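Enquirer: The structure that follows is given in the form of structure tokens.
Right, dumping it as structure tokens:
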């Protein structure tokens, strides 16, 4: 039986095309995926992300626990509300999940994990939390929605209560604030500014409708994927997974090898991978017509991990895992024919600005 978010009935009433996503019935689009994409890039759009897992960790030793659990170092988080992106690794270095962790106090950190991995994440976290005396609380009472775009914050702020509005207006990028029973974060998965709102599930429909009345367009999983790929953001299960480590997935920047005496799960394996070298994740821009898709073969060696048609660039773009010695262009096999793609450095688009040439 599929899982449903508190906003499921609202999506159906709005005419969304519903698909299965990691066991959840989720909106793919509400009519035009491209229009939803452009709404986020040019104005403001909103996503139901209540299928994501919100996990609160509490206890006197929660910071040392997370310094051991995660490849990035929460020791860097010194200001309450500050967030950190990290991978959670197997001892082999393979990625169990990528997540965001928020520092709220010395005894309370909040994680947001992926929908498709939440069960295995919770099992892994609870297994290792026991030795540190940490309480692990999955917040199924919360809904979560992301409001993204150049006008997202301006359109959202008037709908917040007085204390929430004051706190939200002062939030710096990649930070969050807990106000009453809400949590407002200036984070997202689109390459645009905006908020991610965590709020009581009972309030989700009224808040969604209020945002809709402010001219914020609902957007589905389709636009979310094209937006995140334009922004050069990895997708778990495509660009990294348990069989691939961060160093070959464009995520070396999320691994804190310093200080050298911090032990974290997967450290020894990553140090060995770092010494040995190996594959790398690159950005690709197709030079001619066609669409790059995940699992397409790169000749002589490599594979597309994520690919799509970019509505902003009017070009086909991709992330691909290739040998470290790969040059400035590659050959991609599309329907039995080889097509040339230029190697570029992601992101392709950020804050509404194209970072590579746009086709007329």
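In this note's numbering, the protein residues as written are 31 to 390. Built from N, CA and C at the ideal position, the CB exists for glycine as well. Since the model is a prediction, treat every value here as computed from it, not as a measurement.
What residues in its chain sit with their C-beta under 8 Å from that of residue 72, if we drop five residues either side in the sequence?
Expert: On the chain shown, position 42 is the one that residue 72 refers to. Only 179, 180, 382 meet the Cβ criterion.
Enquirer: Could you tell me which of 149, 329, 186, 48 sits nearest to residue 170, measuring between CA atoms?
Expert: Reading the chain shown from its first residue, position 140 is the one you call residue 170. Of the candidates 149, 329, 186, 48, the one whose C-alpha sits nearest the C-alpha of residue 170 is 149.
Enquirer: I want to know whether the region 366 to 385 touches the region 315 to 328 - three or more CB-CB distances under 8 Å.
Expert: yes
Enquirer: For residue 390, collect the residues of the same chain with a Cβ closer than 7 Å to its Cβ; drop the 5 residues on either side in sequence, then sort them by chain order.
Expert: The residue labelled residue 390 in the question sits at position 360 within the chain shown. Annotation note: pLDDT 49 at residue 390 (below 50); position unreliable, coordinate value reported separately. Correct list: empty, nothing qualifies.
Enquirer: Can you tell me whether DSSP reads residue 81 as helix, strand or coil?
Expert: By 1-based counting over the chain shown, the position of residue 81 is 51. Coil.
Enquirer: Looking only at C-alpha atoms, which of 74, 146, 222 sits nearest to residue 268?
Expert: One-based indexing of the chain shown puts residue 268 at position 238. Per the Cα distances, 146.
Enquirer: Just to check my reading of the structure: residue 378 and residue 260 have Cβ atoms closer than 8 Å, yes? What is that Cβ distance to the nearest angstrom?
Expert: Position 348 of the chain shown, counted from the start, is the residue given in the question as residue 378. Position 230 of the chain shown, counted from the start, is the residue given in the question as residue 260. Rounded, the Cβ-Cβ distance is 5 Å, consistent with contact.
Enquirer: Among residues of its own chain, excluding the 5 on either side of residue 162, which ones have a beta-carbon nearer than 6 Å to its beta-carbon?
Expert: One-based indexing of the chain shown puts residue 162 at position 132. Result list for residue 162: 91, 95, in chain order.
Enquirer: Do you know offhand how far residue 115's Cα is from residue 131's?
Expert: Here residue 115 refers to the residue found at position 85 of the chain shown. Here residue 131 refers to the residue found at position 101 of the chain shown. Approximately 6 Å, taken between the alpha carbons.
Enquirer: Would residue 121 and residue 361 qualify as a contact pair, given that the criterion is a beta-carbon distance under 9 Å?
Expert: By one-based count along the chain shown, residue 121 stands at place 91. By one-based count along the chain shown, residue 361 stands at place 331. For residue 121 and residue 361, no; Cβs fall outside 9 Å.
Enquirer: Is it the case that the region 234 to 251 contacts the region 66 to 83, given that we only count it when at least three CB pairs across the two stretches are under 8 Å?
Expert: yes
Enquirer: For residue 295, count neighbouring Cβ atoms within 10 angstroms of its own Cβ and tell me buried if that reaches 16, exposed if not.
Expert: Start at 1 with the first residue of the chain shown, and residue 295 comes out as number 265. When all chains shown are included, residue 295 counts as buried.
Enquirer: Excluding sequence positions up to five away, which residues of its chain have a Cβ less than 7 Å from the Cβ of residue 364?
Expert: Numbered from 1 along the chain shown, position 334 holds the residue referred to as residue 364. Cβ within range, chain order: 320, 326.
Enquirer: For residue 48, name the three-state secondary structure that DSSP assigns.
Expert: Against the chain shown, residue 48 aligns to sequence position 18. In the structure shown, residue 48 sits in a strand (DSSP, three-state: E or B).
Enquirer: When the Cα of residue 290 is compared with those of 166, 301, 202, which residue comes out closest?
Expert: Locating residue 290 in the chain shown gives position 260, counting from the first residue. Cα-wise, what sits closest to residue 290 is 301.
Enquirer: Give the DSSP-derived three-state secondary structure of residue 390 in the structure shown.
Expert: By 1-based counting over the chain shown, the position of residue 390 is 360. Note that residue 390 scores a pLDDT of 49, beneath 50, so its modelled location is shaky; the value from the coordinates is reported in the next line. Three-state DSSP puts residue 390 in coil, outside helix and strand.
Enquirer: Helix, strand or coil: how does DSSP classify residue 375 here?
Expert: Along the chain shown, read from residue 1 onward, the residue named residue 375 stands at position 345. Coil, per DSSP.
Enquirer: Just checking, does the region 34 to 45 make contact with the region 152 to 159 on the three C-beta pairs under 8 Å criterion?
Expert: no
Enquirer: Report yes if the C-beta distance between residue 200 and residue 207 is below 9 Å; otherwise report no.
Expert: As a position in the chain shown, residue 200 is number 170, starting the count at 1. As a position in the chain shown, residue 207 is number 177, starting the count at 1. Yes.
Enquirer: To which residues of the same chain is residue 32 closer than 7 Å at the C-beta, ignoring the five residues directly before and after it?
Expert: Locating residue 32 in the chain shown gives position 2, where the first residue counts as 1. Only 50, 53, 54, 55 meet the Cβ criterion.
Enquirer: Answer yes or no: do residue 209 and residue 232 have a C-beta to C-beta separation smaller than 9 Å?
Expert: For the purposes of this step, residue 209 is taken as the residue at position 179 of the chain shown. For the purposes of this step, residue 232 is taken as the residue at position 202 of the chain shown. Their beta carbons are not under 9 Å apart, which means residue 209 does not touch residue 232 by this criterion.
Enquirer: Does the distance from the C-beta atom of residue 384 to that of residue 322 stay below 9 Å?
Expert: Taking the first residue of the chain shown as 1, we reach residue 384 at position 354. Taking the first residue of the chain shown as 1, we reach residue 322 at position 292. Not closer than 9 Å, so no.
Enquirer: Compute the beta-carbon to beta-carbon distance between residue 338 and residue 350, rounded to the nearest angstrom, for a pair I have assumed lies under 8 Å.
Expert: Within the chain shown, the letter at position 308 stands for residue 338. Within the chain shown, the letter at position 320 stands for residue 350. No, residue 338 and residue 350 are not in contact; Cβ-Cβ is about 13 Å, not under 8 Å.
Enquirer: Who are the Cβ neighbours of residue 197 in its own chain at under 8 Å, not counting the five residues just before and after it?
Expert: As a working note, residue 197 is residue 167 in the chain shown. Hits under 8 Å: 207, 209, 214.
Enquirer: Using the three-state DSSP reduction, which class does residue 162 fall into: helix, strand or coil?
Expert: What you label residue 162 is simply residue 132 of the chain shown in a count that begins at 1. Here residue 162 sits in helix by DSSP.
Enquirer: Mapping DSSP to helix, strand and coil, what is residue 236?
Expert: Along the chain shown, one-based indexing puts residue 236 at 206. Three-state result, residue 236: helix.
Enquirer: Measuring straight from C-alpha to C-alpha, what distance separates residue 253 and residue 220?
Expert: Taking the chain shown and counting its residues from 1, the one referred to as residue 253 is at position 223. Taking the chain shown and counting its residues from 1, the one referred to as residue 220 is at position 190. Approximately 9 Å, taken between the alpha carbons.
Enquirer: How many angstroms separate the CA atom of residue 138 from the CA atom of residue 189?
Expert: Locating residue 138 in the chain shown gives position 108, where the first residue counts as 1. Locating residue 189 in the chain shown gives position 159, where the first residue counts as 1. Cα to Cα, residue 138 sits roughly 27 Å from residue 189.
Enquirer: Which word fits residue 212, buried or exposed, when buried means at least 16 other C-beta atoms lie within 10 angstroms of its C-beta?
Expert: Taking the first residue of the chain shown as 1, we reach residue 212 at position 182. It is buried - the Cβ of residue 212 has at least 16 other Cβ atoms within 10 Å.
Enquirer: Give the DSSP-derived three-state secondary structure of residue 122 in the structure shown.
Expert: Working through the chain shown from its first residue, we reach residue 122 at position 92. Coil, per DSSP.
Enquirer: Let me know the secondary structure DSSP gives residue 326 once reduced to three states.
Expert: The residue labelled residue 326 in the question sits at position 296 within the chain shown. Residue 326 falls in the coil class under three-state DSSP.
Enquirer: Under the rule that 16 or more other beta-carbon atoms within 10 Å means buried, what is residue 167, buried or exposed?
Expert: In the chain shown, residue 167 corresponds to position 137, counting from 1. Residue 167 should be labelled exposed.
Enquirer: Would you say residue 86 and residue 140 are within 9 Å of each other, going by their C-beta atoms?
Expert: For this step, residue 86 is matched to residue 56 along the chain shown. For this step, residue 140 is matched to residue 110 along the chain shown. For residue 86 and residue 140, yes; Cβs fall inside 9 Å.
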